[in-house]
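Below you'll find the structure, written out as structure tokens, and then a few comments.
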Amino acid sequence: MRSEVCSRSLQGSNGANKINALSKRYSAVGSLKSRWQDWASEHTVNQRLNPFSEYFDYNYSMSTRLVRGQEGYGRPKEATKTAEQAKRAEQHIHREIADMCLIIRTMAKADGDGKTRVTFRELFDRYVRISDKVVGILMRARKHGKVAFEGEMLWQGRDDGVIITLLERLKMTCLRLIALVAVFTLLASAEDQNYSFSSLVGSRSGTPYRIEGDERVTGVRVWSQSNFISAIQLRYGYIWAERAGLHRGTEQEFLLFDDEAIVQISGKYLQNIHSLVFVTSRGRSLMVMGDPSGESFNMYPEHEQAELRFLSGTYQTYLTGISAHWAEFHESSNEDTM
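Residue numbers (UniProt numbering): 1 to 338.
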């Protein structure tokens with residue numbers, strides 16, 4: 001009798017397990033079916049809204065179109081690649097506006113009302129060494145209430161005497177301030193050396209760094225680990241500058257020949273710097289390849305005779321940001337500063 005009861009109990013347990021297994025199986029199938037139906041419904045709606053589709057419904061499309069004043073009008077759809085690109089573009093514009101405001105502040109002392117004023121010609125002559133989008137950034141800055149000036153548009157030559165008034169107070173992260181101070185330092189010591197600046201790429205988080213030296217760049221060291229760049233170092237003359245980043249992973253060293261210079265830096269990045277490629281004036285290159293995914297970047301000088309002079313950026317466990325500063329190098333100007 002006892003063995004019969006145990007046998008029935010075991011059979012009941014096995015039956016319950018089978019039922020649970022079947023329920024999970026059909027639950028997963030049901031979930032997949034539900035997701036497929038949701039996708040099909042969304043696809044049908046998108047086809048009715050797509051003017052290039054044979055199922056395009058003009059009346060339905062017009063009924064769902066936003067009008068001026070409604071939330072979301074004139075903006076890309078949320079959670080799309082277009083929306084993400086627009087967000088990155090807006091962040092980039094705000095950084096350029098902040099840079100220009102700092103430059104204006106450094107060009108003249110504030111007047112009695114606390115506002116800084118410069119002429120359009122003064123600003124153009126200074127800022128064109130950093131970016132050729134002077135007027136465009138000024139227009140954006142005025143739209144956001146950072147600066148004020150008369151007229152709808154500014155033209156070089158005709159509007160040289162127009163006064164640009166800075167309305168924005170100085171708001172700058174430590175990293176941006178360090179990078180721009182580096183720009184001004186180089187500009188002050190090399191007004192005629194064709195300076196240009198490649199904007200910072202990466203997540204820009206962590207400890208800021210700046211690699212610089214008085215001599216010409218003659219070598220590069222790069223450390224990489226787990227498909228990311230962990231540190232970077234430049235050699236000036238015969239002396240290695242302070243390393244930026246953590247000394248970890250595989251080291252690669254690249255020494256330049258006499259009269260050879262770095263004229264291009266490219267690579268991949270997302271939150272960290274994934275890979276770096278240094279190209280010289282002789283066509284040689286140092287390639288430190290990591291994770292192939294991410295956004296691509298390509299940095300090079302704006303002037304034919306310019307070369308890499310120093311680097312700036314940020315790092316944490318790995319490099320999280322990098323920017324390049326380019327200018328001509330002259331032995332005579334270096335001797336004058338010593």
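Quick reminder that beta carbons are idealized off the backbone N, C-alpha and C, glycines included.
- The beta-carbon distance between ALA306 and GLU328, rounded to whole angstroms, is 5 Å. This is short enough to meet the 8 Å contact definition.
- Residues of the same chain with a CB within less than 6 Å of the CB of LEU255, apart from the 5 flanking positions on each side, are GLY219 in chain order.
- Here SER285 is not near LYS268, since their CB atoms are 9 Å or more apart.
- According to the DSSP assignment, ARG88 belongs to the alpha helix (DSSP H) that extends over 81 to 107.
- Take the alpha-carbon of HIS325 and the one of LEU154: they are about 28 Å apart.
- Residue environment analysis places ILE232 among the buried positions, since at least 16 neighbouring C-beta atoms fall within 10 angstroms of its C-beta.
- When the beta-carbon positions are compared, ILE137 and ALA148 stay at least 9 Å from each other.
- VAL217 is bridged by DSSP to TYR236.
- Counting only unbroken stretches of 3 or more residues, the beta strand (DSSP E) elements lying wholly within the UniProt domain "Jacalin-type lectin" (195 to 328) are 196 to 202, 207 to 211, 217 to 225, 228 to 236, 250 to 255, 262 to 269, 273 to 280, 285 to 288, 295 to 299, 307 to 315, 319 to 327, in sequence order.
- Per the DSSP secondary-structure output, VAL118 pairs in a beta bridge with ILE164.
- Bounds of the alpha helix (DSSP H) holding SER61 are 58 to 64.
- The three-state reading of DSSP puts ALA110 in coil, since its state is none of H, G, I, E or B.
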